[in-house]
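Quick notes on the structure that follows.
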Amino acid sequence: MNENNIAVRLFFSKTGRAKYISALDLITCFQRAIRRTDIPIWHTQGFNPHTYVNVNLPLSLGSEGINESMDIKLTEQIDFDAVRDMLNAVLPPDIRIIRVALPVKKHTEIEKSVYSVNIVCDYDKFEEFMKLPSVEVEKKTKKGITTLDIKPFTEIKDYERGHFTLIMPSGCDFTLNPSLFFDAFEKFSGEETERLDIVRTGILCKDGTQFE
Amino acid sequence: MLKEKLDKILLKVQKPSRYIGGEVNAVVKDKSKVDIRFAFCFPDTYDIGMSHLGIKILYSLKNSIPNYWCERVFMPLPDMEEQMRKNDIPLYGLESLDPIKDFEFIGFTLQYELCYTNILSMLDLAGVPVYSKDRKDLFPIVMGGGPCVCNAEPIADFFDLFVLGEGEEVNLKMMQLAEKFKKNGGTKQEYLEQAAQIEGIYVPSLYDISYNEDGTVKAITPKNGAPAKVKKQIIDDFDKVYTPDSFVVPYTQIVHDRSVVEVLRGCIRGCRFCQAGFIYRPFREKSKETIVNQVKSLTETTGYDEVSLSSLSTSDYSDIEGLLNDITEYTDKKGVNLSLPSLRIDKFSDEVVKKIKSVRRSGLTFAPEAGSQRLRDVINKNITEEAIFKSCKIAFEGGYSSVKLYFMLGLPTETLDDIKAIKELADKIIDLYYNTEGRSKKAISISISLSTFIPKPFTPFEYEPQATEEQINERQKYLLDIIGSKGRRRIDVSWSHYDTTILEAVLARGDRKLSAVIYEAWKNGCKLDGWNEYFKPEIWDAAFEKFGIDKAFYANRKREYDEIAPWEHMDMLFDRSFLVRENIKAHEEKTTANCREKCAGCGINKCLGRACFKYE
Numbered sequence: 004m005n006e007n008n009i010a011v012r013l014f015f016s017k018t019g020r021a022k023y024i025s026a027l028d029l030i031t032c033f034q035r036a037i038r039r040t041d042i043p044i045w046h047t048q049g050f051n052p053h054t055y056v057n058v059n060l061p062l063s064l065g066s067e068g069i070n071e072s073m074d075i076k077l078t079e080q081i082d083f084d085a086v087r088d089m090l091n092a093v094l095p096p097d098i099r100i101i102r103v104a105l106p107v108k109k110h111t112e113i114e115k116s117v118y119s120v121n122i123v124c125d126y127d128k129f130e131e132f133m134k135l136p137s138v139e140v141e142k143k144t145k146k147g148i149t150t151l152d153i154k155p156f157t158e159i160k161d162y163e164r165g166h167f168t169l170i171m172p173s174g175c176d177f178t179l180n181p182s183l184f185f186d187a188f189e190k191f192s193g194e195e196t197e198r199l200d201i202v203r204t205g206i207l208c209k210d211g212t213q214f215e
Numbered sequence: 313m314l315k316e317k318l319d320k321i322l323l324k325v326q327k328p329s330r331y332i333g334g335e336v337n338a339v340v341k342d343k344s345k346v347d348i349r350f351a352f353c354f355p356d357t358y359d360i361g362m363s364h365l366g367i368k369i370l371y372s373l374k375n376s377i378p379n380y381w382c383e384r385v386f387m388p389l390p391d392m393e394e395q396m397r398k399n400d401i402p403l404y405g406l407e408s409l410d411p412i413k414d415f416e417f418i419g420f421t422l423q424y425e426l427c428y429t430n431i432l433s434m435l436d437l438a439g440v441p442v443y444s445k446d447r448k449d450l451f452p453i454v455m456g457g458g459p460c461v462c463n464a465e466p467i468a469d470f471f472d473l474f475v476l477g478e479g480e481e482v483n484l485k486m487m488q489l490a491e492k493f494k495k496n497g498g499t500k501q502e503y504l505e506q507a508a509q510i511e512g513i514y515v516p517s518l519y520d521i522s523y524n525e526d527g528t529v530k531a532i533t534p535k536n537g538a539p540a541k542v543k544k545q546i547i548d549d550f551d552k553v554y555t556p557d558s559f560v561v562p563y564t565q566i567v568h569d570r571s572v573v574e575v576l577r578g579c580i581r582g583c584r585f586c587q588a589g590f591i592y593r594p595f596r597e598k599s600k601e602t603i604v605n606q607v608k609s610l611t612e613t614t615g616y617d618e619v620s621l622s623s624l625s626t627s628d629y630s631d632i633e634g635l636l637n638d639i640t641e642y643t644d645k646k647g648v649n650l651s652l653p654s655l656r657i658d659k660f661s662d663e664v665v666k667k668i669k670s671v672r673r674s675g676l677t678f679a680p681e682a683g684s685q686r687l688r689d690v691i692n693k694n695i696t697e698e699a700i701f702k703s704c705k706i707a708f709e710g711g712y713s714s715v716k717l718y719f720m721l722g723l724p725t726e727t728l729d730d731i732k733a734i735k736e737l738a739d740k741i742i743d744l745y746y747n748t749e750g751r752s753k754k755a756i757s758i759s760i761s762l763s764t765f766i767p768k769p770f771t772p773f774e775y776e777p778q779a780t781e782e783q784i785n786e787r788q789k790y791l792l793d794i795i796g797s798k799g800r801r802r803i804d805v806s807w808s809h810y811d812t813t814i815l816e817a818v819l820a821r822g823d824r825k826l827s828a829v830i831y832e833a834w835k836n837g838c839k840l841d842g843w844n845e846y847f848k849p850e851i852w853d854a855a856f857e858k859f860g861i862d863k864a865f866y867a868n869r870k871r872e873y874d875e876i877a878p879w880e881h882m883d884m885l886f887d888r889s890f891l892v893r894e895n896i897k898a899h900e901e902k903t904t905a906n907c908r909e910k911c912a913g914c915g916i917n918k919c920l921g922r923a924c925f926k927y928e
């Protein structure tokens, strides 16, 4: 890799219709968007060079995110606001670059995700569910399906009748998809949840600070 | 707007991004400023429909008119359809997420016969009656376009009107008339009668069809001023034909995930089995400059890293080498891959071959269609063994070790000797491989793909019977026997199912009596007939039986030259007598030169008012 490359972090939101774009398709989407601009982008070297982009922490299908990030490399210095504007001009309407900055943290420092949740359901049942001492779920691993109690890893804050903050692990070594929690609730209540909106609002590092 | 309802179901279906729109370059307009809304329906899945060039052209064209809004609609797969029905979500446009039953037009592109039940599914899912006679209001007008319109009789009862030929101009006229009706009022019947006066528009309800006792057509009688013949529309100045400068770029991977530039329309070859080779006449091409500019603008607006040239036979572009030079000058610089499906590499210099990356990547494919030169003469397929060998040699020297060959079984006059020649051709290619210096060290692999010949309207073979299931089975078995189990280690053979081919054959040359059968089959659960996993032949058979219709009458019967075809009122601008002449020549095993060499006298030049080519 050329030493003169500039690693740059794009912070973006992925909302509305874009929440149905899978993590893999999101990469293709960014690669194509960059190709529609004149941004001096670094390409991977080798037999089949391609536009380099790296998602720091994939967002699960169906969740929105307002503080997502992706890394690219520039081959020459250009104004970061110009990068933001050029990309916003060619990205789909529901993906917006919020800011472009030099990376502060490494993605290996990521430990948890913070979600803002809005659930429409039988609230009495949900509150009962939240008080359970343990929440056993089946989790697919390389070794097969295992049972896991996710309760110790699930933190709920600022609960107010269906609206709350949910913090769950999402690091390199250990990740829990928030849907595990809500699937377990559906199983517990025995009925389909009327409505569920999950928005990832932030990503926390091991030292407790925001990933930036 | 159905967004909220959709949010409830989309995580329960496979690949939800294809059901929600919002892609780059999708056109979203302010509803209050729109007069005519058009639902452009592709009666197959998103992945297939989004790969189709025609929909991209007409989508952009319609949306280029400020007060018209065209949206895309595709056939949902069963998991999505089930969720939609369970949650009362009618079929919607991907741009607005509004139900299409409230649009002025619901338009289908008719690319192949096996999508007919999908049309009924989509209309029903939209909440619109499937029979034209049951839709009493002026709007929505259900229309169809595309190649199958050359014989749309089997689905005539479901449509209000069809557009015959190239839709670029006539579509707009049809929408302008609707705009007038929307402003001034009028009934559906009045609209259809006036629309029938626009050249290229076919209103099936304005034609009475009577039948002879033997089931053949007796007469086709126009009424209420409809023209006796519906004239196919063509764009004469093809270099100036409307071409979109951007494509909707999907999120999810689709079948052809790249930009596509059409380089020419029509075909000079005149292969006698090929419907496209006749119905897309005359041959017209774009200039090099236009094509290169379109490659550039599409690359820039889509961000695709691959561009493909499209036509029936790109090798026949008059200055193909110059064109490829000009394009690669740009694509190499941009790091864009140029892909050329079905290009004949024997015509090019090594230098050009090297430039075409995809030729190296996508393997070596030939479509000799028939094994023997005799049968290739019958079908007027102008590929010779020498040309195949020459291309193979170039490719083998370049490190290739696999070859794919396409053949048809059941061609007119075919005998077991012709089948034997398929095996012999494969053997010769194997010998050539092992005698090529500098070949790869891998063992050669040859794959032979056998499809069943389906006679299509507006070809010289429209009079021919399709081979029966017994005949096809016999020929397949014979080929497998002579290749032997040992031979099949090197030669892989695959073939199509007769069930689907006979259905396609029936629908291709069918008449209006089949509408009832299609309806019955759909009502009992048939849809996605082109997909093996969803095709239900026994339901189709029950539907044919219910109406006392014999498939063999449509598929396996020889027609006399003077029989009135169900599509007799369609004028494809060339002379029907030309098809008869070509049919006679086929049985005499005589070939016809390609159009650039010598005019075959099909009569299409009359519509141009000039010769198709400048002959020396």
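Protein chains in written order, with the numbering used here: chain A, 4 to 215; chain B, 313 to 928. For each residue, glycine too, the CB sits at the ideal point set by N, CA and C.
1) Could you confirm whether any beta carbon from chain B is found closer than 8 Å to the beta carbon of A:I148?
2) Restricting to Cα atoms, I'd like to know which of B:D617, B:A898, B:D841, B:P849 is closest to A:H53.
3) Just the Cα atoms here: how many angstroms apart are B:A682 and B:I731?
4) Determine, for A:C124, whether the minimum Cβ-Cβ distance to residues of chain B falls below 8 Å.
5) Can the beta-carbon of B:V339 be found less than 8 Å from the beta-carbon of B:N375?
6) Can you name, in chain order, every residue of its own chain whose Cβ lies under 6 Å from the Cβ of B:A276, other than the five neighbours on each side?
7) In three-state DSSP terms, what is A:H46?
8) B:N375 lies in the alpha helix (DSSP H); which residues open and close that run?
9) Is the shortest distance between the beta-carbon of B:E393 and the beta-carbons of chain A less than 8 Å?
10) Hey, is B:P328's beta-carbon within less than 8 Å of any beta-carbon in chain D?
11) Roughly how many whole angstroms lie between the Cα atoms of B:K848 and B:I591?
12) Identify whether B:H881 lies in helix, strand or coil by the three-state DSSP scheme.
13) In three-state terms, what does DSSP make of B:C579?
14) Return no unless some Cβ of chain B is closer than 8 Å to the Cβ of A:G193.
15) Which residues in chain B have a C-beta closer than 9 Å to the C-beta of A:G65? List them in chain order.
16) What does DSSP give as the partner residue(s) for B:C382 in the beta ladder?
17) Between which two residues does the alpha helix (DSSP H) holding B:W834 run?
18) If you drop the 5 nearest sequence neighbours on each side, which residues of the same chain put their C-beta closer than 6 Å to that of B:L302?
19) Could you list which residues in chain A have their beta carbon closer than 9 Å to that of B:T614, in chain order?
20) Which same chain residues end up closer than 6 Å to B:I876 when comparing Cβ atoms and leaving out the 5 residues on each side of it in sequence?
21) Going by beta carbon distance, what residues of the same chain come within less than 6 Å of B:N906, once the five residues before and after it are set aside?
22) Are the beta-carbon atoms belonging to B:T564 and B:K315 less than 8 Å from one another?
23) Under a Cβ-count criterion, where at least 16 other Cβ atoms within 10 Å of its own Cβ denotes burial, should B:H809 be classed as buried or exposed?
24) Would you tell me roughly how many angstroms separate the C-alpha atoms of B:G405 and B:I521, rounded to the nearest one?
25) So B:L484 and B:A507 are supposed to be a Cβ contact under 8 Å. How far apart are they, rounded?
26) Under three-state DSSP, which class holds B:K495?
27) So which residues of chain A does B:Y371 contact, with C-beta pairs closer than 9 Å?
28) Note down, in chain order, every chain B residue with its Cβ under 7 Å from the Cβ of A:A21.
29) Please list the terminal residues of the continuous alpha helix (DSSP H) segment that includes B:A507.
30) What are the uninterrupted segments assigned as beta strand (DSSP E) that are 3 or more residues long and contained completely in the region 52 to 136 of chain A, given in chain order?
31) Using CA coordinates, which residue listed in B:I532, B:T555, B:Q606 is at the minimum distance from B:R824?
32) Could you tell me which residues DSSP puts in a beta bridge with A:G147?
33) Rounded to the nearest angstrom, how far is the Cβ of B:M882 from that of B:V553, given a contact under 8 Å?
34) Check B:V818 in the structure and name its three-state DSSP category.
Well, looking at it:
1) Numbered from its first residue, the first sequence carries residue 148 of chain A at position 145. Not one chain B Cβ lies under 8 Å of A:I148.
2) Indexing the first sequence from 1 puts residue 53 of chain A at position 50. Selected option, being the one with the closest Cα: B:D617.
3) In the second sequence, residue 682 of chain B corresponds to position 370, counting from 1. In the second sequence, residue 731 of chain B corresponds to position 419, counting from 1. Roughly 8 Å separates the two Cα atoms.
4) Start at 1 with the first residue of the first sequence, and residue 124 of chain A comes out as number 121. For A:C124, no CB of chain B lies under 8 Å from its own CB, so it is not counted at the interface with that chain.
5) By one-based count along the second sequence, residue 339 of chain B stands at place 27. By one-based count along the second sequence, residue 375 of chain B stands at place 63. Cβ atoms of B:V339 and B:N375: closer than 8 Å.
6) The structure shown does not extend to residue 276 of chain B, since chain B is modelled only from 313 to 928, so the question has no answer here.
7) Translated into positions along the first sequence, residue 46 of chain A becomes position 43. Strand at A:H46.
8) Taking the second sequence and counting its residues from 1, the one referred to as residue 375 of chain B is at position 63. Taken as a continuous stretch (DSSP letters only), the alpha helix (DSSP H) holding B:N375 covers 365 to 375.
9) Counted from its first residue, the second sequence places residue 393 of chain B at position 81. Closer than 8 Å: no.
10) In summary, chain D is missing from the structure at hand, where the protein chains are A and B.
11) Stepping through the second sequence from its first residue, residue 848 of chain B is reached at position 536. Stepping through the second sequence from its first residue, residue 591 of chain B is reached at position 279. Approximately 31 Å between the Cα atoms of the pair.
12) In the second sequence, counting from the first residue as 1, residue 881 of chain B sits at position 569. Looking at B:H881 - three-state DSSP - the assignment turns out to be coil, as it is neither helix nor strand.
13) Here residue 579 of chain B is taken as the residue at index 267 of the second sequence, counted from 1. Three-state result, B:C579: coil.
14) Here residue 193 of chain A refers to the residue found at position 190 when the first sequence is read from its first residue. No, no contact with chain B.
15) Here the question's residue 65 of chain A lines up with position 62 in the first sequence. Contact of A:G65 with chain B by beta-carbon distance below 9 Å involves D319, L322, L323, P328.
16) Residue mapping note: residue 382 of chain B aligns to position 70 of the second sequence, counting from 1. Answer is B:F350.
17) Position 522 of the second sequence, counted from the first residue, corresponds to residue 834 of chain B. Note, B:W834: alpha helix (DSSP H), 826 to 835.
18) No statement about residue 302 of chain B is possible, as the shown extent of chain B runs from 313 to 928 and does not include it.
19) Reading the second sequence from its first residue, position 302 is the one you call residue 614 of chain B. Per Cβ cutoff of 9 Å: R35, R38, R39.
20) Within the second sequence, the letter at position 564 stands for residue 876 of chain B. So the list reads V529, once near-sequence residues are dropped.
21) Taking the first residue of the second sequence as position 1, residue 906 of chain B is located at position 594. Excluding five sequence positions before and after B:N906, the CB atoms of its chain that fall closer than 6 Å to its own CB belong to I580, R581, given in chain order.
22) The residue you call residue 564 of chain B lines up with position 252 of the second sequence. The residue you call residue 315 of chain B lines up with position 3 of the second sequence. Cβ distance not < 8 Å, so B:T564 and B:K315 don't count as in contact.
23) For the purposes of this step, residue 809 of chain B is taken as residue 497 along the second sequence, with counting starting at 1. Exposed: under 16 other Cβ atoms inside 10 Å.
24) If you number the second sequence from 1, residue 405 of chain B lands on position 93. If you number the second sequence from 1, residue 521 of chain B lands on position 209. Spanning the two alpha carbons is a distance of roughly 35 Å.
25) Within the second sequence, residue 484 of chain B is the residue found at index 172, counting from 1. Within the second sequence, residue 507 of chain B is the residue found at index 195, counting from 1. With 8 Å as the limit, B:L484 and B:A507 do not qualify as a contact, their Cβ atoms being about 13 Å apart.
26) Here the question's residue 495 of chain B lines up with position 183 in the second sequence. Note: B:K495 maps to helix in three-state DSSP.
27) On the second sequence, position 59 is the one that residue 371 of chain B refers to. Per Cβ cutoff of 9 Å: no residues; B:Y371 is ~17 Å from chain A at best.
28) Start at 1 with the first residue of the first sequence, and residue 21 of chain A comes out as number 18. Result: G334.
29) In the second sequence, counting from the first residue as 1, residue 507 of chain B sits at position 195. Segment 500 to 507, the alpha helix (DSSP H) holding B:A507.
30) 56 to 58, 67 to 77, 98 to 104, 113 to 123
31) Taking the first residue of the second sequence as 1, we reach residue 824 of chain B at position 512. Nearest option by C-alpha distance: B:I532.
32) Here residue 147 of chain A refers to the residue found at position 144 when the first sequence is read from its first residue. DSSP, once it has assigned bridges, lists A:T144 as partnering A:G147.
33) Locating residue 882 of chain B in the second sequence gives position 570, counting from the first residue. Locating residue 553 of chain B in the second sequence gives position 241, counting from the first residue. In fact, because the Cβ distance is near 22 Å, the residues do not count as touching under 8 Å.
34) Counted from its first residue, the second sequence places residue 818 of chain B at position 506. It is helical.
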